[in-house]
Amino acid sequence: MVDFFDLIELTYEGLGLIEKGKRESLIDAKTMRRLYNVYMDGAKDIDPNDIPLIFSIFVTFANLNKEAQDILADEDFVVQMIIPDVGAYVINAKDGVVSWSNKKIDNPTLQFGLALDTAAEVFLSGNAASAFMGGKINASGNIAEALVLNDVIETFLELLPFT
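Now the structure itself:
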């Protein structure tokens, strides 16, 4: 399916519908293939080495997608996710720009801890509420920020051709 979308983009370029070298894609084909494999393998077999890929894709989407930008308008937050035995990951939103890092910080506006498979399940399903209500996520701080992030995740998943 990813190759098909790449072929369509190349055809548009070849037919002159878009200027050569000017086509923009949210995610390159190789990255999309990897995301597809992570999605199809499911949360139970998530590899911690896939976390940077997932965060990079998510941040790129959040910064480039108009619907995601609408959700993030006027949102400023620093959310820290702690995954035991894996590490700390921070998502920062300020002035409509989203970034991430794997450096633990002292004063996030929201911090939550969860298992690796739960983190993957939330990202792959967009259903953080079930995990939180089921006691799989421990949170402290401004929980409304989690709802904003979950809305962006749901928007992202709606656009993926294989979800």
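Numbering of the sequence shown is given in numbering that gives the first Met the number 0, commencing with residue 0 and proceeding in unit increments. Glycine included, every Cβ here is placed at the ideal spot set by N, Cα and C. What you are looking at is a predicted structure, and each value in this text was computed from that prediction instead of being measured.
(message) Just to confirm, is the Cβ distance from P47 to L115 under 8 Å?
(response) Here the question's residue 47 lines up with position 48 in the sequence shown. Here the question's residue 115 lines up with position 116 in the sequence shown. Closer than 8 Å, so yes.
(request) With 8 Å as the threshold, decide whether the Cβ of L52 is near any Cβ in chain D. (result) As a matter of chain content, chain D is missing from the structure shown, which is built from one protein chain.
(message) Among the candidates N141, A128 and N91, whose CA atom is the shortest distance from the CA of K102?
(response) Locating residue 102 in the sequence shown gives position 103, counting from the first residue. Here the closest residue by C-alpha is N91.
(request) Would you check if the distance between the CB atom of E144 and the CB atom of T108 is smaller than 8 Å? (result) The residue labelled residue 144 in the question sits at position 145 within the sequence shown. The residue labelled residue 108 in the question sits at position 109 within the sequence shown. Yes, Cβ-Cβ distance for E144 and T108 is below 8 Å.
(request) Rank D105, Y88 and K93 by C-alpha distance to the C-alpha of W99 and give the top, closest one. (result) Position 100 of the sequence shown, counting from 1, holds the residue named residue 99. Closest by alpha carbon: Y88.
(message) My output table needs one value for I56: the three-state DSSP class, helix, strand or coil.
(response) Position 57 of the sequence shown holds residue 56. Reduced to three states, the DSSP call for I56 is helix.
(message) How far does the alpha helix (DSSP H) with K65 in it extend, from its first residue to its last?
(response) In the sequence shown, counting from the first residue as 1, residue 65 sits at position 66. That run of the alpha helix (DSSP H) goes K65 to L71.
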